[in-house]
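Enquirer: Protein sequence lines correspond, in order, to chains U and R. For the first sequence, our numbering assigns the number 1 to the initial residue and increments by one for each residue that follows. For the second sequence, our numbering assigns the number 127 to the initial residue and increments by one for each residue that follows. Even glycine gets a Cβ: it sits at the ideal position worked out from N, Cα and C. None of these values were measured; they are calculated from a predicted model.
Number of protein chains: 2
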Amino acid sequence: MLIGELAERAGTSPRTLRYYEEHGLVRPSRDANGYRQYDDAELRVVHEIRTLLADGFGLDDIKPFVACLRAGNAAGHVCPDSVAVLRRRLAEVDGYLTQLTEVRRRLHEQLGHAIENREIRCLLNP
Amino acid sequence: MLIGELAERAGTSPRTLRYYEEHGLVRPSRDANGYRQYDDAELRVVHEIRTLLADGFGLDDIKPFVACLRAGNAAGHVCPDSVAVLRRRLAEVDGYLTQLTEVRRRLHEQLGHAIENREIRCLLNP
DNA sequence: GCTTGCCCTGACGCCGGTGTCAAGGCATAC
DNA sequence: GTATGCCTTGACACCGGCGTCAGGGCAAGC
Numbered sequence: 001m002l003i004g005e006l007a008e009r010a011g012t013s014p015r016t017l018r019y020y021e022e023h024g025l026v027r028p029s030r031d032a033n034g035y036r037q038y039d040d041a042e043l044r045v046v047h048e049i050r051t052l053l054a055d056g057f058g059l060d061d062i063k064p065f066v067a068c069l070r071a072g073n074a075a076g077h078v079c080p081d082s083v084a085v086l087r088r089r090l091a092e093v094d095g096y097l098t099q100l101t102e103v104r105r106r107l108h109e110q111l112g113h114a115i116e117n118r119e120i121r122c123l124l125n126p
Numbered sequence: 127m128l129i130g131e132l133a134e135r136a137g138t139s140p141r142t143l144r145y146y147e148e149h150g151l152v153r154p155s156r157d158a159n160g161y162r163q164y165d166d167a168e169l170r171v172v173h174e175i176r177t178l179l180a181d182g183f184g185l186d187d188i189k190p191f192v193a194c195l196r197a198g199n200a201a202g203h204v205c206p207d208s209v210a211v212l213r214r215r216l217a218e219v220d221g222y223l224t225q226l227t228e229v230r231r232r233l234h235e236q237l238g239h240a241i242e243n244r245e246i247r248c249l250l251n252p
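(1) Return the residue from the list Gln110(U), Leu97(U), Val103(U) that minimises the CA-CA distance to Val229(R).
(2) Based on Cα-Cα distance, which residue from Arg9(U), Asn117(U), Asp81(U), Glu116(U) lies nearest to Arg50(U)?
(3) Taking buried to mean at least 16 other C-beta atoms within 10 Å of its own C-beta, is Ser208(R) buried or exposed?
(4) Would the region 233-247 of chain R count as touching the region 108-116 of chain U if we require 3 or more Cβ pairs under 8 Å?
(5) Quick one: is Tyr222(R) near chain U, going by C-beta distance under 8 Å?
(6) For chain R, find out if any of its Cβ atoms is closer than 8 Å to the Cβ of Asn33(U); answer yes or no.
(7) By the criterion of Cβ-Cβ separation under 7 Å, what are the contact partners of Val78(U) in chain R?
(8) Within 8 Å of any Cβ in chain U, is that where the Cβ of Leu250(R) sits?
(9) Would Val192(R) and Leu143(R) be called neighbours here (beta carbons separated by less than 8 Å)?
(10) With a threshold of 8 Å between beta carbons, is Leu90(U) in contact with chain R?
(11) Given this structure, state the Cα-to-Cα distance separating Ala167(R) from Gly198(R), to the nearest angstrom.
(12) Please classify Ile246(R) as buried or exposed, where buried requires at least 16 neighbouring CB atoms within 10 angstroms.
(13) Compute the Euclidean distance between the alpha carbons of Ser155(R) and Gln163(R), then round it to the nearest angstrom.
(14) Report the start-end ranges of each alpha helix (DSSP H) in the region 54-83 of chain U that is 4 residues or longer and not cut off at the edges.
(15) Got a sec: is the Cβ-Cβ distance from Arg128(U) to anything in chain R below 8 Å?
(16) Using beta carbons (cut-off 8 Å, strictly below), is Asp40(U) in contact with chain R?
(17) Could you list which residues in chain R have their beta carbon closer than 9 Å to that of Val83(U), in chain order?
(18) Count the other CB atoms within 10 Å of the CB of Gly202(R); is the residue buried (16 or more) or exposed (fewer)?
(19) Name the one or two DSSP bridge partners that Ser155(R) has.
(20) Using the C-alpha atoms, what's the distance from Asp186(R) back to Ala217(R)?
(21) Between Leu107(U) and Leu233(R), which are expected to be in contact by the criterion C-beta below 8 Å, what is the C-beta distance as a whole number of angstroms?
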């Protein structure tokens, strides 16, 4: 499978696949003419990468998951290194949730305050 | 008040204040020698900016709040334009919260799955 | 041989708020 | 005069995942 086909099958672009390769995540072989050649296992890897990216992991964080898959595991997240990253990311997400919730509270408060003000002005200018 | 003093009082840097000015948020006058001169109202403005930045607003979003303050209002968020931005940002934050919560769920699930796996391996290799 | 279409590498652009360095002017104290 | 310290403008660096353009090779159909 050439890069274009893999890109389409994985729902991404050749540029993106080359980028992953540059970061050591995908490892195609090469045809005699220099074209990248991918097997089906790589499709699996790319799917794993995309899923984890969507969950907010960085490419570096994703490496252990890919290694885990390559080691023959059914899923990328069952290896100790992956679990460590999962825990770290979970803590991070919890942190963001806390912050965002606090921000939300403040926004809500300000909105309430603004509406209150408007109503007061309405009552004063009937 | 010169830029260094305002920066210190506002807990930020001269570089940052010049950046805000470049984006039309802060408007110092100039001394005869070209030095920026700030009054106390600008300190208030900078505080408003910093608070909103911390809440995830972009500089463009912050403009109506500053305008609202300059218009003589006690708070930057009581004007219609500010309220509109507040609403938009609130919706945005809610979106992020939804996404993050979903991500958190998936992470939790994967962690659970991984731990389960480990326990199974433990039972198989006692 | 020419077109078409995929492939290759290399490199810059983006976004946004800020750090940081360069190169110079001004103010104050010695 | 000179040392110190704040001020000025201008411009590059950062982060990270990718878009996108440049310039060129390879493959296959006509």
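Expert: By the coordinates alone:
(1) Leu97(U)
(2) Arg9(U)
(3) buried
(4) no
(5) yes
(6) no
(7) Ala240, Asn243
(8) no
(9) no
(10) yes
(11) 10 Å
(12) exposed
(13) 5 Å
(14) 59-70
(15) Only positions 1 to 126 of chain U appear in the structure, and residue 128(U) is not among them; the question remains open.
(16) no
(17) Gln236, Leu237, Ala240, Ile241, Arg244
(18) buried
(19) Gln163(R)
(20) 17 Å
(21) Not quite, the Cβ-Cβ distance comes to about 26 Å (not below 8 Å), so this is no contact.
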